[in-house]
Structures are given as C-alpha cells and as structure tokens.
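If you're matching positions, the sequence shown starts at 130 in the numbering used here and goes up one per residue. Heads up, the beta-carbon is just placed ideally off N, CA and C, and yes, glycines get one too.
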Amino acid sequence: MQIVQGKKLGTMSEDEFRQLVLDSSRVIIDVGTGDARTAYRTARENPGWLVVGLDPAWQRMSQTSVRSRRKAVKGGASNLILVNASIEMPPQELISVADELLVLMPWGKLLHGLVRGDHDIWSGLRAVAKSNATLTATVGTSIWREPVPRDIQGLPELTRPYVEEVLAGRTSQCGWKITRFQLVKGEEGAAVSSSWARRLESSSSEVLAHLAAVVTEPEQ
Ligand SMILES: C[S@@+](CC[C@H](N)C(=O)[O-])C[C@H]1O[C@@H](n2cnc3c(N)ncnc32)[C@H](O)[C@@H]1O
C-alpha cells in the first residue's frame with residue numbers, strides 16, 4: 130500500500146505491514162487524519178499499539194511523517210503508519226485489522242458520507258474494522274449555523290432525532306450499530322485534541338457532536 134515516507138510517497142508490502150500488526154497489541158485507524166498530529170500523539174503515548182493515519186491528501190501528513198521517522202528518543206514513532214488512501218477504497222492490507230476507528234472533524238466526502246449514512250463510506254469503515262471494533266466520530270456543529278458554507282447546504286444536521294430515526298438504520302445496513310450520540314460544548318470536549326478540534330474550541334461556543342458505534346452484522 131502507498132504510505133508517506135517523509136516528504137515522499139513510498140510503498141509498504143503486505144508482509145511488512147502484517148508483521149507490524151502481529152507485533153502490536155491494538156490497531157487504531159485515524160480516518161481523515163489530516164496533519165496526523167493526533168495519530169502521532171496516540172502512537173507516542175502507546176508504543177505497543179499500531180496507529181494508522183489514513184487520508185487521501187498525503188502531503189498534509191508529510192511533516193508528521195518526517196518527525197515520526199526520527200529515532201524514538203528524538204520524537205520518532207515507528208508504530209505510526211501514514212497511508213495515502215480514502216476510506217471508501219481502503220488498501221487490501223487494512224482489511225479487518227482495526228480494533229478502533231477514529232474520525233475527527235471530517236470534511237468533504239468523509240463528512241458528507243458519515244452524516245448521510247452513505248453506503249460507500251460506512252462500508253469502507255466496516256471493511257477495515259475487526260468484528261468487535263468500535264468507532265468514534267466527532268463533528269463540529271457550527272457548520273450548520275449561519276452562514277452555512279455552500280458545501281454543507283442540504284446536509285442533514287446531526288441531531289438526536291436524525292441519528293436515531295435515519296442514520297442508525299443506514300449504518301446498520303453497513304454493519305455498524307450506533308451506541309451513543311452526544312452533543313458536548315467545545316470546552317467540555319477537551320479530550321478531542323486534534324488540530325481542527327483545537328481551532329474550533331478556540332472559537333469559543335462550538336458544540337461537538339460525538340457519535341459512537343460498534344460493528345454488528347449487516348441487516349439482510
Ligand atoms: C478538517 S480535516 C481534519 C483532520 C484531522 N482529523 C484533525 O482533526 O485535525 C478533514 C480531513 O478529512 C479528509 N478526508 C476527506 N474525505 C476523505 C475520505 N473519503 N477518506 C479519508 N479521508 C478523507 C481530508 O483530506 C482532510 O484531511
């Protein structure tokens with residue numbers, strides 16, 4: 130699969146990746162990892178885990194890649210792999226490897242697909258998940274406040290009734306059961322420490338929508 134190696138793209142063989150999975154106690158995939166700083170921090174704090182940052186905009190991950198390739202004492206994280214891919218077309222190596230999936234402050238196709246319950250996005254998330262995996266997603270709700278960006282117009286807002294009455298049915302068809310939905314004021318959601326979450330928190334009254342899900346079998 131295509132991975133970021135410093136400022137370049139390179140490849141990692143299936144065998145090489147499989148060995149990293151076997152050597153780790155837990156595999157996390159940060160979907161839409163952006164600058165990959167959250168993935169990097171998670172990898173540094175949990176050296177026994179394998180952390181995969183996945184994003185089709187690979188250049189944004191290169192600074193973190195450079196940092197992660199240093200020696201461990203100088204800030205390196207050899208348990209961080211940054212993959213150039215979109216979640217609706219995950220590389221074969223990632224199929225059924227993740228114990229946990231994170232989606233933090235998505236935008237573009239990832240945001241739209243996540244919120245609308247699109248089959249390609251939720252099936253892609255399911256494809257990389259193990260049979261007992263969990264997913265947590267965080268979306269800043271200010272995107273639905275005036276002035277609503279053009280890209281968001283027509284996108285249903287993540288509210289409890291929408292999640293329970295519409296989204297949950299769609300995700301269950303892709304093998305995900307929504308287990309929790311919460312709206313949390315930015316400052317209370319400090320646990321979300323991604324670059325984008327911090328930008329929004331600093332803009333004061335942001336309310337974050339947290340969604341949690343677990344893998345189930347898809348409905349027939
Ligand atoms: C606002 S950034 C958030 C980055 C990071 N999670 C954070 O919180 O700092 C959203 C990211 O979602 C990625 N993205 C959009 N569509 C995607 C898709 N289909 N699959 C994977 N990532 C996607 C974008 O490339 C972008 O880097």
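Self-check item: Three-state secondary structure assigned by DSSP to Lys136
Solution: If DSSP states are grouped into helix, strand and coil, Lys136 belongs with coil.
Self-check item: When Val295, Gly304, Ala338 are compared against Gln311, the one with the closest alpha-carbon
Solution: Comparing alpha carbon positions, the residue from Val295, Gly304, Ala338 closest to Gln311 is Ala338.
Exercise. Find out if the Cβ-Cβ distance for the pair Leu233, Ile158 is shorter than 8 Å.
Key: No; because the gap between Cβ atoms is not below 8 Å, this pair is not in contact.
Quiz item: Excluding five sequence neighbours on each side, which residues of the same chain lie with their C-beta closer than 8 Å to the C-beta of Ala227?
Solution: So the qualifying residues of the chain are Val156, Ile157, Ile158, Val181, Val257, Ala258, Lys259, Ala262.
Quiz item: Is it buried or exposed for Cys171, if we count other Cβ within 10 angstroms and need 16 for buried?
Solution: For the record, residue 171 in the displayed sequence is Thr; it is not Cys. Answer is buried; the Cβ neighbour count reaches 16.
Quiz item: Is the beta carbon of Asp90 less than 8 Å from the beta carbon of Arg189?
Solution: A question about residue 90 goes unanswered here, because the residues of the chain that appear run from 130 up to 349.
Quiz item: Sorted by chain position, which residues of the same chain lie with C-beta nearer than 6 Å to Leu149's C-beta, five sequence neighbours on each side aside?
Solution: Exclusion of the five residues before and after Leu149 leaves Leu179 as the residues of its chain whose Cβ lies within less than 6 Å of its Cβ.
Quiz item: In whole angstroms, what is the alpha-carbon distance linking Leu287 and Glu293?
Solution: Taking the straight line from one Cα to the other gives about 10 Å.
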